[in-house]
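What follows is a set of notes on a single structure, which appears directly below.
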Ligand code: KG4
Ligand code: ZN
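Residue numbers (this note's numbering): 16 to 354.
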């Protein structure tokens, strides 16, 4: 008989307070997110102290809602999974402390989850996707090209040497006077722009699958300063050409990784994976190259707790109540990734 494992996932690493109940790592029974975007928007980015305070205010309500929507009684929860890094220290500690108390009260295991691995696991939600595959993780803080050889077994093939892709979107949006978070705003503005109007540089390293977006960022800023002095610039063209430069590099490198490692399966994860230009480019190129592509539902690309619950299910480990938060933990240090 199939056993149903119900995991309560908790996510508070940045500016979303989220809780979710997922069974057998794939089926989302509830997915509750309280976003702080409107609170941080006037500051142009996330203010850590404000984020922590808001997590404290919202977490009980969010977890109770997730449990009640799932219709799973507390006593049937098999484990509590929580992101314990990377992320903002104070923000992580709110979710972690709550998860510890919950696991202790229920007398159920606690599972610490690496937030980046959580994003990778968003591909398993409501899907039959399985390793091995190449995964591009593109969020506000991370840009990694990973070979997911098996559940919980990964190899980093490339990563950004400076800005993360989402960070570059947010910074250019700010220069263009767009509100936080910049990614969706740049995407919207690009829709009216000519993506061939300006030729911004794309960084490809010769013998490496690493990324770099700082040169592109500087080129966009210089273009804005230069054209402001003369005839002015068209913000929609700048947005469209910047987005094209980022998307082209990400797409080409994904396909390179698949071909280099002979893996004909590709997945994406993280907030930037919600970008429709990236999704469409990948669909086109993967079709041409015979690569099977997995695009997680857009709501599971940005931070959520369903991906954390799924990751807890596949992590195959439990932690004790001394588990700490690791704001700067890398994929290697967490013991999650190797190679
Ligand atoms: O994964 P996420 O929610 O949080 C982190 O773990 O960082 O990603 C947030 C990032 C932000 O930089 C945001 O601007 C970007 O994802 N983002 C997008 C889009 N939606 C969110 N970037 C480009 N296009 C989008 N549609
Ligand atoms: Zn994230």
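Ideal placement from N, C-alpha and C gives every residue a C-beta, glycine not left out.
Since the structure is predicted, the reported quantities are computational estimates derived from the model, not experimental observations.
Can you list, in chain order, the residues of its chain with a C-beta nearer than 7 Å to that of residue i? Leave out the 5 residues immediately preceding and following it.
i	result
residue 279	273, 305, 306, 307
residue 207	251
residue 317	286, 289
residue 247	none
residue 114	25, 95, 97, 125
residue 331	167
Tell whether a beta-carbon distance below 7 Å holds between residue i and residue j.
i	j	result
residue 320	residue 35	yes
residue 6	residue 49	An answer regarding residue 6 cannot be provided, because it is not within the stretch 16 to 354 covered by the chain.
residue 210	residue 259	yes
residue 134	residue 101	no
residue 256	residue 212	yes
residue 224	residue 262	no
residue 157	residue 179	yes
residue 232	residue 183	yes
residue 121	residue 325	no
residue 344	residue 98	no
residue 338	residue 127	yes
residue 205	residue 284	no
residue 181	residue 154	yes
Please return the same chain residues whose Cβ sits closer than 6 Å to the Cβ of residue i, not counting the five positions on each side in sequence.
i	result
residue 354	Confidence at residue 354 is low in this model, with a pLDDT of 39, below 50, so its placement is unreliable and the value that follows should be read with caution. 170, listed in sequence order.
residue 27	70, 106, 109, 110
residue 264	217
residue 350	In this prediction, residue 350 has a pLDDT of 45, which is less than 50 and means its spatial position is unreliable; what the coordinates show is noted afterwards. Cβ neighbours of residue 350 beyond the five flanking positions: none.
residue 47	34, 77, 80, 81
residue 23	36, 92, 95
residue 42	none
residue 270	300, 304
residue 202	290
residue 175	158, 226
Tell me the residue span of the alpha helix (DSSP H) that contains residue i.
i	result
residue 70	63-85
residue 297	291-304
residue 252	250-276
residue 230	229-244
residue 25	From DSSP, residue 25 is part of no alpha helix (DSSP H) but of the beta strand (DSSP E) over 21-26.
residue 324	321-330
Mind checking which residues open and close the beta strand (DSSP E) that includes residue i?
i	result
residue 38	31-38
residue 46	42-50
residue 288	Neither: residue 288 is in no beta strand (DSSP E) and is coded neither H nor E.
residue 98	94-100
residue 308	307-309
For residue i, which residues from the same chain have a beta carbon less than 8 Å from its beta carbon, with the 5 sequence-adjacent residues on both sides left out?
i	result
residue 52	30, 195, 196
residue 91	21
residue 177	227, 228, 229
residue 190	235, 236, 239
residue 146	163, 164, 165, 166, 168
residue 266	293, 296, 297, 300
Any heavy atom of the ligand KG4 inside 6 Å of the beta-carbon of residue i?
i	result
residue 154	yes
residue 32	no
residue 287	yes
residue 317	yes
residue 184	yes
residue 199	yes
residue 267	no
residue 196	yes
residue 69	no
residue 129	no
residue 214	no
residue 99	no
residue 202	yes
residue 290	yes
Taking 6 Å as the cut-off, is the beta-carbon of residue i closer than that to any non-hydrogen atom of the ligand ADP?
i	result
residue 181	No copy of the ligand ADP occurs in the structure displayed; its ligands are the ligand KG4 and the ligand ZN alone.
Quiz prompt | 3 or more residues per run - each beta strand (DSSP E) lying fully within the segment 111-196 | solution = With a minimum length of 3 residues, the continuous beta strand (DSSP E) runs that stay inside the segment 111-196 are 125-129, 148-153, 158-165, 168-174.
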